[in-house]
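Note that the protein sequences, when read in sequence, are chains D and V. Each residue of the first sequence is one higher than the one before, counting from 218 in the working numbering. Each residue of the second sequence is one higher than the one before, counting from 218 in the working numbering. For glycine and all other residues, C-beta sits at the position ideal for the given N, C-alpha and C. All remarks here apply to the structure that follows.
Number of protein chains: 2
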Amino acid sequence: MFQGEYTNNMDDKGRINIPAPFRDVLQKSYAEPIVIIARDPQNPCLRVYPQQEWKRLLAKVGARPSNDRIVQAFKRTVISSAQEYSPDKQGRVLIPQNLRDYAGVGKSTVFAGSLDTFEIWDANAWDTQLASSLALLQNQDLDF
Amino acid sequence: MFQGEYTNNMDDKGRINIPAPFRDVLQKSYAEPIVIIARDPQNPCLRVYPQQEWKRLLAKVGARPSNDRIVQAFKRTVISSAQEYSPDKQGRVLIPQNLRDYAGVGKSTVFAGSLDTFEIWDANAWDTQLASSLALLQNQDLDF
DNA sequence: ATAAATTACCCACAATTACCCACTATGCGC
DNA sequence: GCGCATAGTGGGTAATTGTGGGTAATTTAT
């Protein structure tokens, strides 16, 4: 389970270090360092999947009629952008330019755990998102 | 059951000592010193869960539709911030910077029992919160 | 085919964190 | 009041994690 929030810097070459706790989860729960990075269709961030979770997603999409407009849009935005990456010896991955642009990631980036997957945000975008999420929850009657 | 209010100091490295009575509860009722620390979405404080209680919360969240806006906001604020910690030999945990910022904790911090969980407050924030909680109760017709 | 650019791989340093030990303060029993 | 036990605090050291950068390999363009 990916949990926790970590801030790491992208270097000049476009590489970012996957936080060690996340690498541990990949190693222990999935026995593979390989991840799939794709656009998140509903937020200006990237979503990172362990191979297994990605396959599960593909299976779900495959179960839907392929002429469905939503499915088509999903394929175009998410699946087309997805690529496999294996981290280098230091645990870093190179984020390609198109994905960097999509999420607007600058130097300071935030990794946010989201259980089966985790997200990569530009630090500023994360802050504003966090503020609005908190505002939304403020007057809610949460039963958990 | 976590009860009572204790004041402890955070040291320069960002570590705070979990009060001994709380450590006892963790040991006796949960048989595990490990805790999960996360943002409290509705108050400027951190909430500390024994592993079991955290799992219970995750189960509740998982039972809700994941496209629910509230659920999403909850994941971003609470789950993404959550981290597991096992106290060091002296019973201390290191609070990461982002959580320290969120709760605005300075040197003097308050631990407040909250039955299944407990809270960590900045001492000043705790005082003001306490005052307004008391004010709220002032003219209530309490049947307990 | 050659040159330029990009990417992968490796090494080294810096910063942070985990772990351990020692000291101080406080409460409790005698 | 004195000593003992427990709780809380401070700090040093070693290991881990994060960051920067060089060089070789690969790809792309000319």
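query, result
"Pairwise C-alpha distance: V/N260 and V/I337", "11 Å"
"Inter-residue CB distance, V/N234 and V/K324 (contact presumed, cutoff 8 Å)", "In fact, because the Cβ distance is near 13 Å, the residues do not count as touching under 8 Å."
"Beta-ladder partner(s) of V/G330, from DSSP", "V/F335"
"Chain D residues whose Cβ lies nearer than 9 Å to that of V/A299", "Q220, G221, E222 and G330"
"Chain D within 7 Å of V/N315, Cβ atoms only", "yes"
"Three-state secondary structure assigned by DSSP to V/Q268", "helix"
"Through-space distance from V/L332 to D/D228, alpha-carbon basis", "45 Å"
"Buried versus exposed call for D/D339 [16 or more other C-beta atoms within 10 Å across all chains shown]", "buried"
"Alpha-carbon spacing of V/Q220 relative to V/A329, whole angstroms", "7 Å"
"Through-space distance from V/S297 to V/I312, alpha-carbon basis", "15 Å"
"Test: D/L243 CB closer than 7 Å to a CB of chain V", "no"
"Chain-ordered chain D contacts of V/T294 [CB-CB under 8 Å]", "L347, S350, L351 and L354"
"Coil, strand or helix - D/A299 by DSSP", "coil"
"Nearest candidate by alpha-carbon position, reference D/Y319, set D/I254, D/D241, D/D285 and D/A280", "D/I254"
"Classification of D/S350 by the beta-carbon crowding that lies within 10 angstroms, buried from 16 upward", "buried"
"7 Å Cβ cutoff met for V/P236 and V/Y223", "yes"
"Closer than 7 Å to chain D by CB, V/L263", "no"
"Helix, strand or coil at D/R309 [DSSP, three-state]", "strand"
"Proximal chain V residues relative to D/Q171, where beta-carbon distance stays under 7 Å", "There is no way to answer for residue 171 of chain D, as the model of chain D reaches only from 218 to 361."
"Endpoints, alpha helix (DSSP H) assigned at D/I287", "R286 to T294"
"The ligand GDP heavy atom lying under 6 Å from the CB of D/S349", "With respect to small molecules bound, the structure shown includes none, and the ligand GDP cannot be examined in it."
"Cβ of D/F239 within 7 Å of any chain V Cβ", "no"
"Residue-chain proximity (D/F361, chain V), Cβ-Cβ < 7 Å", "yes"
"Alpha-carbon spacing of D/L347 relative to V/A352, whole angstroms", "30 Å"
"Interface residues of chain D facing V/V278 [CB-CB closer than 8 Å]", "F361"
"Beta-carbon separation (whole angstroms), V/T179 vs D/L354, contact threshold 8 Å", "Lying before the first or after the last residue shown, residue 179 of chain V is absent from chain V, which here runs from 218 to 361."
"Extent of the continuous alpha helix (DSSP H) run through V/N315", "Q314 to A320"
"Residue interval of the beta strand (DSSP E) (run including D/N225)", "E222 to N226"
"Own chain residues within Cβ distance below 8 Å of D/F335, not counting five before or after", "F219, F239, R264, V265, F328 and A329"
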